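>
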Amino acid sequence: MEVNTYDKEIQGLTRERCQKRTIHTTGGFSQLEATDNSKLMDFSRIFNNESSNLETPKDVVEVIKGMASALTLIHNQNRTLITQNKKLSEKVVSLELLVGSIVEKMPAPSSLGKMNEAVPTEQPNYPKSYSNAASKNLPKKTPSKSGPTKLREAKLLTHNVTPTTIAGPPCCSAKPLQNRSPEIPSILEGSNCTEQRTEIPLVHCFQSEGDKNKLQRRTVALGMGNKRTCNHVGKISIGYANCNSISNKLSKLDLLCEYYNFDVFCLSETKLDDSFTDSLLSINDNYSILRKDRNRHGGGVGILIAKHIRFVPVDLPASSQSAEVCAIDIFAGGTTIRIITAYHPNHGHCKSTLFDTLEYLLIPGKHTVLLGDFNMPCIDWNLLSAPDKACSDFVDFVVKHGLTQSVKSPTRFNPENILDLCLSNTGIISDVSVGDLFSDHCLIKVVLSCDRKSLKSLRKMINYRKGDYDSMNGILSRIDWPLLLANLPTNDMYSLFIGHVKELIHNYVPILEIDDSKVRHSPAIIKLQKRKLRIWKKEGNSLHYKSICASIKELLLEEHKKKFEDKLVKGNPKNFFKLINRKLKPSNFVGPIKSGNGILCDDHEKAECFLNTFSDVFVSDDGLAPSIEPRTTTLIDEVSYEPYVIEYVLSKLEPKCNNSPDGIPNIILKKLCTSIALPLSLIFNKSIRSGSLPAIWKTAIVIPIYKKGSRSDPGNYRPISLTCSISKVMEKLVRRSLVEHLTRNKLLSVSQYGFRSRMNTELQLLTYIGLIIRDLQQNNPVTSVYIDFRKAFDTISISKLASKLQAYGIQGELLRWINNFLSGRSQKVLLNGVCSNTSSVGSGVPQGSVLGPLLFILFINDIGDKLESESLLYADDLKIISPNAATIQKDLMKLSEWCQTWQMKVAPSKCEYITFVKSKRTNLRVNPKINIELDGLRLPQCDYIRDLGIIFSRDLSFDSHIKSILRRAQCRINILFNVLKNSVFDIMLKCYKVFIRPIMEYGSTLYSPTLKCLIRKVESVQKSFLYRCSKKFNFEYQSYFDTLEAYGLESLELRRLINDLVYLYKILVSNEFYSPNHSLRRHPYHIKSILSNNTKFGSQYLPNRLLSCWNSLPVHVFPVKFSSLCFKNNVKRLNLSKYLTLNISTY
1 MEVNTYDKEI QGLTRERCQK RTIHTTGGFS QLEATDNSKL MDFSRIFNNE
51 SSNLETPKDV VEVIKGMASA LTLIHNQNRT LITQNKKLSE KVVSLELLVG
101 SIVEKMPAPS SLGKMNEAVP TEQPNYPKSY SNAASKNLPK KTPSKSGPTK
151 LREAKLLTHN VTPTTIAGPP CCSAKPLQNR SPEIPSILEG SNCTEQRTEI
201 PLVHCFQSEG DKNKLQRRTV ALGMGNKRTC NHVGKISIGY ANCNSISNKL
251 SKLDLLCEYY NFDVFCLSET KLDDSFTDSL LSINDNYSIL RKDRNRHGGG
301 VGILIAKHIR FVPVDLPASS QSAEVCAIDI FAGGTTIRII TAYHPNHGHC
351 KSTLFDTLEY LLIPGKHTVL LGDFNMPCID WNLLSAPDKA CSDFVDFVVK
401 HGLTQSVKSP TRFNPENILD LCLSNTGIIS DVSVGDLFSD HCLIKVVLSC
451 DRKSLKSLRK MINYRKGDYD SMNGILSRID WPLLLANLPT NDMYSLFIGH
501 VKELIHNYVP ILEIDDSKVR HSPAIIKLQK RKLRIWKKEG NSLHYKSICA
551 SIKELLLEEH KKKFEDKLVK GNPKNFFKLI NRKLKPSNFV GPIKSGNGIL
601 CDDHEKAECF LNTFSDVFVS DDGLAPSIEP RTTTLIDEVS YEPYVIEYVL
651 SKLEPKCNNS PDGIPNIILK KLCTSIALPL SLIFNKSIRS GSLPAIWKTA
701 IVIPIYKKGS RSDPGNYRPI SLTCSISKVM EKLVRRSLVE HLTRNKLLSV
751 SQYGFRSRMN TELQLLTYIG LIIRDLQQNN PVTSVYIDFR KAFDTISISK
801 LASKLQAYGI QGELLRWINN FLSGRSQKVL LNGVCSNTSS VGSGVPQGSV
851 LGPLLFILFI NDIGDKLESE SLLYADDLKI ISPNAATIQK DLMKLSEWCQ
901 TWQMKVAPSK CEYITFVKSK RTNLRVNPKI NIELDGLRLP QCDYIRDLGI
951 IFSRDLSFDS HIKSILRRAQ CRINILFNVL KNSVFDIMLK CYKVFIRPIM
1001 EYGSTLYSPT LKCLIRKVES VQKSFLYRCS KKFNFEYQSY FDTLEAYGLE
1051 SLELRRLIND LVYLYKILVS NEFYSPNHSL RRHPYHIKSI LSNNTKFGSQ
1101 YLPNRLLSCW NSLPVHVFPV KFSSLCFKNN VKRLNLSKYL TLNISTY
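The sequence shown begins at 1 in the UniProt record's numbering and counts up one residue at a time.
Okay, here's the thing in structure tokens:
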């Protein structure tokens, strides 16, 4: 009975699976009615076995053998169809070329409409496409056939192919195979479509836009936007306008640059200052900016250069810094053209500086175009005569340099005068015309006779957000990964796995085409702009013209406001804040770069220059093996990772469409985390056991990130490496194992605060200031030396790092894997969408990787072991603190020896020191001048120093820091009002909370002011912001505290107090400041002062400053289970007004 029951279960299960297999397989071939099905096995013989009894295992085996034979025939048939499909695809390509030639010869749309009239009325409407227009000219058998059928007939008639019946459109989504024959390559898994696509057809007839998007799929190199460029040859077009303040005309400037497609736009009288960022002028980052602002109100000039124009800014001598002049050299049509824009304030203004600057810029024989407002209305340019000396001198200057003035019409009215000029010294100008009003001056349009090629790009992006991840997961989960990846090297395992994933991306993720030349404004605005120009030509500055201008301005404001509201309300708020952040900060676009070969403008040349700069810092190992004492007897030599662990890590990834050398972004890993956890665990464990990594994991795409200094110097950029996303996942797992080992054995130095959990800059600075106050209270000046390492991450010797890892107990397979991870790496620079060649990496740990920072802090972990002074580290930032200058000098010598032993380099020119004293008066009496040297160079002493974003002064007051953050916050508020000029109050308030308030609250645990005057100054920033908002958005402003209550805000002083309490709550978990208290009448975290509170800086120290407020907190404020968020919410409910200086009656 048991055997019969088992046989019946097998029989039922087999029948069920075979039925599913039949439905799946026959569905895959349902559209191939013309194929020969005689060779396929008749499944009815297997399924219709009701009369036959499968009572013995032998019968079951026979059935399974029959199924296997049938599946083999099906796979062979599938392979035959794929071969036939390739031939058909070749024929389709030939047809596409033919249709392309037909489309080029097609008549205009108007005549095409006449052609459509000749079609019989009973003919149905087809989807709109060029293919329909082409197919209409071919013979048609019956007028009632559908659009897709007619397109197919057109293809067949072109290639003399016998038509076969196809039901419906081509199959868009491949169905996964239930079993894979060894004869079928694994990369074809999930590809049994009716039509196997190898390229994107150029001719399709789509029933809907959805079908079109589903069919357009293609793998894009590096997972980035693939630019398809076509050269459009045209003339250089230059615009010029006197703005009379450009800040309120940005929308108009955007419209004109789009409408006229200017390559260069020159501006005068811009009236800008530092609060107006270049990104606001860049017109959606389509233009590079060169500007010269006046150091007082008014004036100013600027030049906007389109990104496709190669240019170099012209540096002016120091004597010309007061002149309002900008100049660039552009390269077009095989020649160099200098474009200058200038502004001469008024007729009586001193012209000597302007003339000297223009004399410097005007080079004989060099094509030059000079545009500007010179405010000289009295010159007769036909006769080259002037009634007064000032204008006569300018005419003489123009004649001396052989300049020709090309503006013939008035550029300003009431009265009519030619104030804005276009001067040139050669016949490079093809046309000059005066347009309508831009401000109170007219727009000038200049066309040069030289050609330029505009790269009109159509970017193709993989739309990862719209992928069919259910189907992808289904296919991947049916693959027998242990069998498929068995006995393969790590690199082959990874290549096979990536091949499957890329094939699925190809089939299941659509392509999104983005046309950068797409019109940015609505048709209504463009229509009004055309109408405005017609009215201007007919009527001039009439009431009708002014009415249209007002309508355009109103539409532009509504369009701008809707754009921001849609991004914030309907879209992802994170993307909105990214947009605002791009407006607040300068663009990452890299302009011309200076090198030994001159100025580089070509992106590939610039990328190669950056590659050489980043490669020059690498060091070769000196072959010495310094000895280091073992730090632990506990070893970590092997690790393994289960699929469920990998799945958890993948599920926590941020779904970003990031660039990755292998083309697999984070979003793919997160969406497919369940189905790829198993193959990744096999690859990761094999990589650890063999000590080898996939080759692609060692390739990094390097992005130059600007630090400070001149943007044309490649040395002022930091290389950030973009490595494979899957490599980063394994790095996370290895890092977690290493951190657990290091933490459990307490191997990391307590002085290192960088790249460690529960460590941050504020905690290090609190420790730092505590050390200083401790020595100052003993009347000892404290000296602190700041050490700067030269290219610290890039100069680490890999062999010496390995010896240190061994000392920390990292050995065996894990050590071998880390060595392989760091060795044999390569990199290439990605700049403005262009990649350089590949270069080898000789040393260092990759910046931008997950494992690199941990390996770096392990390398310098012992740097303070032999120092007598206190030392603090934040990544590679080292501080040495001591009240004894002689001790510091000895420690600097030991530091030099350590650097020489481990091949690290210090940059003495960037090192400095500061001596802290009780007061400035004490500084004069007690603190004699001391000399501190490093590597034979005397270090400079400073009175102020910026440390991790906080400005320290010698007397340990933070007045300078408070003034600095107030300036930054006020400047940022001005920028915010420029960026959100047409926004609503809710958006403005949210941006204030995100971009302004953190400036004033970072580091408040250190510098929180105690003097009433400083508290009022800090509070004034928020007060002035709310007052400006009340004027802009027309709401009533009664008093500061009433306004705070009306909009749910807190005073900055109260926020600082709450943040201090929360921060102290976090610190007290480590029992650093408090002694356990068992009293039932007060909370268990009662603190005591560990530093004297009788000095100014002692009372400002965080625990001393909060002593009375903290100890008076009620017991119920402290949650039973540690939670800083819960504690913060409880504190907010308390009345803390008695601990505040400002209140409704005093402010």
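Cβ atoms here follow ideal geometry from the backbone N, Cα and C, with glycine treated the same way. These numbers come from a predicted model, not from an experiment.
#1: For S964, which residues in the same chain have their Cβ closer than 7 Å to its Cβ, ignoring the five residues on either side in sequence?
#2: By DSSP's criteria, A625 is part of a beta bridge. Which residues make up the other side?
#3: If you draw a straight line from the alpha carbon of Q1022 to that of L765, how long is it in whole angstroms?
#4: Taking only the alpha-carbon atoms, compute the straight-line gap between R520 and I283 and give it to the nearest angstrom.
#5: CA-CA distance, L281 and S803?
#6: At which residue ranges does the region 880-939 contain complete alpha helix (DSSP H) runs of 4 or more residues, listed in the order of the chain?
#7: Identify, in the order they occur along the chain, each residue of the same chain with its Cβ nearer than 7 Å to the Cβ of G824, setting aside the five sequence neighbours on each side.
#8: Between which residues of its own chain and I987 is the CB-CB distance below 8 Å, once the five residues before and five after are set aside?
#9: List the endpoints of the continuous alpha helix (DSSP H) containing I962.
#10: Using CA atoms only, rank isn't needed, just tell me which of D436, L476, I511, D451 is closest to N463.
#11: Beta-carbon separation of Q827 and L611 under 9 Å?
#12: Since L786 is in the beta strand (DSSP E), which residue starts that stretch and which ends it?
#13: Is the CB-CB distance between F793 and V845 below 9 Å?
#14: Mind checking which residues open and close the beta strand (DSSP E) that includes K292?
#15: CB S687 to CB P694, shorter than 9 Å?
#16: Whole-angstrom Cβ separation of S430 and K235, contact assumed at under 8 Å?
#17: Taking DSSP as the reference, what is the three-state secondary structure of T838?
#18: Write down the C-beta distance between V432 and I668 rounded to the nearest angstrom, noting that I regard them as a contact closer than 8 Å.
#19: Considering only the beta carbon of each residue, do I328 and F311 sit closer than 9 Å?
#20: Counting along the chain, where does the beta strand (DSSP E) carrying D431 start and finish?
#21: Since I believe E868 is in contact with I881 (beta carbons under 8 Å), could you give me their beta-carbon distance rounded to a whole number of angstroms?
#22: Candidates S319, L448, N242, L437: which alpha carbon is nearest A332's?
#23: Can you tell me whether C391 is buried or exposed, with buried defined as 16 or more other CB within 10 angstroms of its CB?
#24: Relative to the C-alpha of N779, which residue among P655, L362, N884 is closest?
#25: Mind reading off the beta-carbon distance from L851 to D637? Whole number of angstroms is fine, and I expect it under 8 Å.
#26: To test your reading of the DSSP string, which unbroken beta strand (DSSP E) runs of 3 or more residues are found completely within the region 632-706?
#27: Between the C-alpha atoms of I914 and P781, what's the straight-line distance to the nearest angstrom?
#28: When you compare the region 648-662 with the region 623-634, are there three or more beta-carbon pairs, one atom per stretch, that lie closer than 8 Å?
#29: Buried or exposed for A241, please, with buried defined as at least 16 other CB atoms from any protein chain shown within 10 angstroms of its CB.
#30: Among the residues of its own chain, which have a CB less than 8 Å from the CB of R735, if the five just before and after it don't count?
#31: Just to confirm my understanding: we take Y469, look at its own chain, exclude 5 residues before and 5 after, and list those with CB closer than 6 Å. What are they?
#32: Among E1036, A68, Y1002, A386, which one has its Cα closest to the Cα of R1055?
#33: Assign P1103 to one of two classes, buried (16 or more other C-beta atoms within 10 Å of its C-beta) or exposed (fewer than that).
#34: Just to confirm, are I703 and P719 a CB contact at a threshold of 9 Å?
#35: Taking 9 Å as the cut-off, decide whether the C-beta atoms of S587 and D285 are in contact.
#36: Please list, in chain order, all residues of the same chain as N931 whose beta carbon is under 8 Å from its beta carbon, the five residues on each side excluded.
So, from the data block:
#1: In the sequence shown, residue 964 corresponds to position 964, counting from 1. Answer for S964: I951, listed in chain order.
#2: For the purposes of this step, residue 625 is taken as the residue at position 625 of the sequence shown. Beta-bridge pairing links A625 to no other residue.
#3: Taking the first residue of the sequence shown as position 1, residue 1022 is located at position 1022. Taking the first residue of the sequence shown as position 1, residue 765 is located at position 765. Using only the alpha carbons, I get a separation of about 26 Å.
#4: Taking the sequence shown and counting its residues from 1, the one referred to as residue 520 is at position 520. Taking the sequence shown and counting its residues from 1, the one referred to as residue 283 is at position 283. Cα-Cα distance, rounded: 11 Å.
#5: Reading the sequence shown from its first residue, position 281 is the one you call residue 281. Reading the sequence shown from its first residue, position 803 is the one you call residue 803. In a straight line, the C-alpha of L281 is about 53 Å away from that of S803.
#6: 885-902, 920-926
#7: Locating residue 824 in the sequence shown gives position 824, counting from the first residue. Within the same chain, G824 has close Cβ partners K698.
#8: Sequence index remark: in the sequence shown, residue 987 carries index 987 (1-based). Contacts found: F564, E565, L568, L980.
#9: In the sequence shown, residue 962 corresponds to position 962, counting from 1. Looking at the DSSP string, the run of the alpha helix (DSSP H) that includes I962 is 959-979.
#10: On the sequence shown, position 463 is the one that residue 463 refers to. Nearest option by C-alpha distance: I511.
#11: For the purposes of this step, residue 827 is taken as the residue at position 827 of the sequence shown. For the purposes of this step, residue 611 is taken as the residue at position 611 of the sequence shown. Going by C-beta atoms, Q827 is nearer than 9 Å to L611.
#12: The residue given as residue 786 occupies position 786 in the sequence shown. The sequence given here places Tyr at residue 786; Leu does not occur at that position. 782-787 is the extent of the beta strand (DSSP E) around Y786.
#13: To locate residue 793, count along the sequence shown from 1; it is residue 793. To locate residue 845, count along the sequence shown from 1; it is residue 845. Yes. Within cutoff.
#14: Here the question's residue 292 lines up with position 292 in the sequence shown. Residues 287-292.
#15: Residue numbering aside, residue 687 sits at position 687 when the sequence shown is read from its first letter. Residue numbering aside, residue 694 sits at position 694 when the sequence shown is read from its first letter. A contact, by the Cβ cut-off of 9 Å.
#16: Taking the sequence shown and counting its residues from 1, one reaches residue 430 at position 430. Taking the sequence shown and counting its residues from 1, one reaches residue 235 at position 235. So it is a contact: roughly 6 Å between Cβ atoms.
#17: Here residue 838 refers to the residue found at position 838 when the sequence shown is read from its first residue. Of the three classes helix, strand and coil, the one that applies to T838 here is coil, per DSSP.
#18: Position 432 of the sequence shown, counted from the start, is the residue given in the question as residue 432. Position 668 of the sequence shown, counted from the start, is the residue given in the question as residue 668. 54 Å between Cβ atoms; not a contact.
#19: For the purposes of this step, residue 328 is taken as the residue at position 328 of the sequence shown. For the purposes of this step, residue 311 is taken as the residue at position 311 of the sequence shown. Yes, Cβ-Cβ distance for I328 and F311 is below 9 Å.
#20: Walking along the sequence shown from the start, residue 431 turns up at place 431. Start and end: 429-437.
#21: Here the question's residue 881 lines up with position 881 in the sequence shown. Here the question's residue 868 lines up with position 868 in the sequence shown. That pair is no contact at about 11 Å.
#22: As a first step, residue 332 must be located in the sequence shown, where it is residue number 332. Taking only the C-alpha atoms, the option nearest A332 is L448.
#23: Numbered from its first residue, the sequence shown carries residue 391 at position 391. Buried, because 16 or more other Cβ atoms sit within 10 Å of the Cβ of C391.
#24: Counted from its first residue, the sequence shown places residue 779 at position 779. Nearest of P655, L362, N884 to N779, Cα basis: N884.
#25: One-based indexing of the sequence shown puts residue 851 at position 851. One-based indexing of the sequence shown puts residue 637 at position 637. Not quite, the Cβ-Cβ distance comes to about 17 Å (not below 8 Å), so this is no contact.
#26: 699-706
#27: Against the sequence shown, residue 914 aligns to sequence position 914. Against the sequence shown, residue 781 aligns to sequence position 781. Distance between the alpha carbons of I914 and P781 is about 10 Å.
#28: no
#29: Numbered from its first residue, the sequence shown carries residue 241 at position 241. It is buried - the Cβ of A241 has at least 16 other Cβ atoms within 10 Å.
#30: For this step, residue 735 is matched to residue 735 along the sequence shown. Cβ within range, chain order: V850, L851, L854.
#31: Here residue 469 is taken as the residue at index 469 of the sequence shown, counted from 1. Counting only Cβ-Cβ distances below 6 Å, and skipping sequence neighbours, we find K671.
#32: Residue 1055 sits at position 1055 when you count from the first residue of the sequence shown. Of the candidates E1036, A68, Y1002, A386, the one whose C-alpha sits nearest the C-alpha of R1055 is Y1002.
#33: Residue mapping note: residue 1103 aligns to position 1103 of the sequence shown, counting from 1. So P1103 ends up on the buried side.
#34: The residue labelled residue 703 in the question sits at position 703 within the sequence shown. The residue labelled residue 719 in the question sits at position 719 within the sequence shown. In this structure, P719 lies closer than 9 Å to I703 by Cβ.
#35: As a position in the sequence shown, residue 587 is number 587, starting the count at 1. As a position in the sequence shown, residue 285 is number 285, starting the count at 1. Yes, these two residues count as a Cβ contact at 9 Å.
#36: The sequence position of residue 931 within the sequence shown is 931, counting from 1. R938.
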